[in-house]
Amino acid sequence: TQLLEQSPQFLSIQEGENLTVYCNSSSVFSSLQWYRQEPGEGPVLLVTVVTGGEVKKLKRLTFQFGDARKDSSLHITAAQPGDTGLYLCAGLDNYGQNFVFGPGTRLSVLP
Amino acid sequence: SQTIHQWPATLVQPVGSPLSLECTVEGTSNPNLYWYRQAAGRGLQLLFYSVGIGQISSEVPQNLSASRPQDRQFILSSKKLLLSDSGFYLCAGMGISGANVLTFGAGSRLTVL
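Going down the list, the sequences are from chains S and G.
Counting with the working numbering, you get residues 1085 to 1195 for the letters of the first sequence.
Counting with the working numbering, you get residues -2 to 110 for the letters of the second sequence.
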């Protein structure tokens, strides 16, 4: 069974600070995705990483896929209150039909 | 524009009553469709997925069932709700906004009393 772990589970920081959240597995994934979810809404895709060692930037967000395609990180620079939410990583399973989700990191950015 | 529609958005039901949550998809044909449950703002638990009409795979044994009567319709049901069925239910489709990408509906909040 492929599993994803995320750390930290909770993170509360001040506006303007930098942060990194992690997504780890003992299994190889063909791709990993990061979603952000706000309370009472469905998750929204932020990025998909496919190639080992890949780095993608989305404004103040930087995503990295590990060389072995078992882990990923999300770094946010100069966090803003609008970044508050639940960040979920997900990997497409080896059959290419189902997504394995991590438990999420709940981020709170205080003004 | 929203491409996955879920309803109802909020539902309060007594224990032992039936349930029907509906999900419809716009803009694509033959997508893989999924029902997830999310407890208390945590990760998503896959309940059912479907690769086509009438094809349902169950990931966990439970009090719920799913059906796909039409290509773009996915229904989550229960004959008798339990307290433990309370949660946030999300419908998702793969291949709607891009290959190997999940697009989610806005969710249905179920409270069983």
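We treat Cβ as the ideally placed atom computed from N, Cα and C, and that holds for glycine.
Out of the options, point me to the one whose CA is closest to residue i's CA.
i: G:G24; options: G:T100, G:S54, G:R65 and G:V9; result: G:T100
i: S:L1191; options: S:S1096, S:T1085, S:S1091 and S:Q1090; result: S:S1096
i: G:T108; options: G:S14, G:I1 and G:Q3; result: G:S14
i: S:R1120; options: S:L1130, S:F1185 and S:T1135; result: S:L1130
i: G:L78; options: G:N97, G:V98 and G:L110; result: G:L110
i: S:T1161; options: S:L1116, S:V1193 and S:Q1093; result: S:V1193
i: G:Q35; options: S:L1172, S:L1087 and S:K1140; result: S:L1172
i: G:G40; options: S:P1195, S:C1107, S:D1151 and S:D1167; result: S:C1107
i: G:A37; options: G:I93, G:S64 and G:F85; result: G:F85
i: S:E1125; options: G:I1, G:Y46 and G:L73; result: G:I1
i: S:N1182; options: G:S47, G:A63 and G:L18; result: G:S47
i: G:I50; options: G:D68, G:L61 and G:Q59; result: G:D68
Is residue i helix, strand or coil when you go by DSSP?
i: G:D68; result: coil
i: S:G1208; result: Residue 1208 of chain S lies beyond the residue range present for chain S, which begins at 1085 and ends at 1195; the question has no answer from this structure.
i: S:S1096; result: strand
i: G:S81; result: helix
i: G:I50; result: coil
i: G:A63; result: strand
i: G:I93; result: coil
i: S:N1182; result: coil
i: S:E1089; result: strand
i: G:S105; result: strand
i: S:G1175; result: strand
i: G:E23; result: coil
i: S:N1102; result: coil
i: G:L99; result: strand
Evaluate residue i with the Cβ neighbour count: other Cβ atoms within 10 Å of its Cβ, from every protein chain shown; 16 or more gives buried, anything less gives exposed.
i: G:G102; result: buried
i: S:V1105; result: buried
i: S:T1132; result: buried
i: S:L1142; result: exposed
i: S:P1225; result: Beyond the ends of chain S as shown, which are 1085 and 1195, falls residue 1225 of chain S; an answer cannot be given.
i: G:L112; result: Residue 112 of chain G is absent from the structure shown; chain G starts at -2 and stops at 110.
i: S:Y1179; result: exposed
i: S:S1156; result: buried
i: G:N27; result: exposed
i: S:A1152; result: exposed
i: G:N29; result: buried
Practice task
With 8 angstroms as the limit, tell me which residues of the segment 1178 to 1194 of chain S have their beta carbon closer than that to any beta carbon of chain G; keep them in chain order.
Solution key: Within the segment 1178 to 1194 of chain S, the qualifying residues are G1180, Q1181, N1182, F1183, F1185, G1186, P1187, G1188 and R1190.
Practice task
With a floor of 3 residues, list each beta strand (DSSP E) that falls wholly inside the segment 1116 to 1173 of chain S, ordered by position along the chain.
Solution key: Complete beta strand (DSSP E) runs here, min 3: 1116 to 1121, 1128 to 1133, 1139 to 1142, 1145 to 1149 and 1155 to 1160.
Exercise for the section: Check each residue of the segment 26 to 54 of chain G: if its Cβ is closer than 9 angstroms to any Cβ of chain S, include it; give the result in chain order. Expected result: Here the close residues are N29, Y31, Y33, Q35, G38, R39, G40, L41, Q42, L43, Y46, V48 and S54.
Practice task
Check distances from the C-beta atoms of the segment 1087 to 1110 of chain S to those of chain G and list, in chain order, the residues that come in under 7 angstroms.
Solution key: Residues of the segment 1087 to 1110 of chain S with a C-beta atom less than 7 angstroms from some C-beta of chain G do not occur.
Exercise for the section: Output, in sequence order along the chain, the residues in the segment 89 to 104 of chain G whose CB is closer than 9 angstroms to any CB in chain S. Expected result: If you check each beta-carbon in the segment 89 to 104 of chain G against every beta-carbon of chain S, the ones closer than 9 angstroms belong to A89, M91, S94, G95, N97, V98, L99, T100, F101, G102, A103 and G104.
Handout entry: Contacting positions in the segment 61 to 85 of chain G - beta carbon closer than 9 angstroms to chain S
Key = Correct list: F85.
Exercise for the section: Please list the residues of the segment 1139 to 1150 of chain S that have a C-beta atom closer than 9 angstroms to any C-beta atom in chain G, keeping them in chain order. Expected result: Result list empty, no residue passes.
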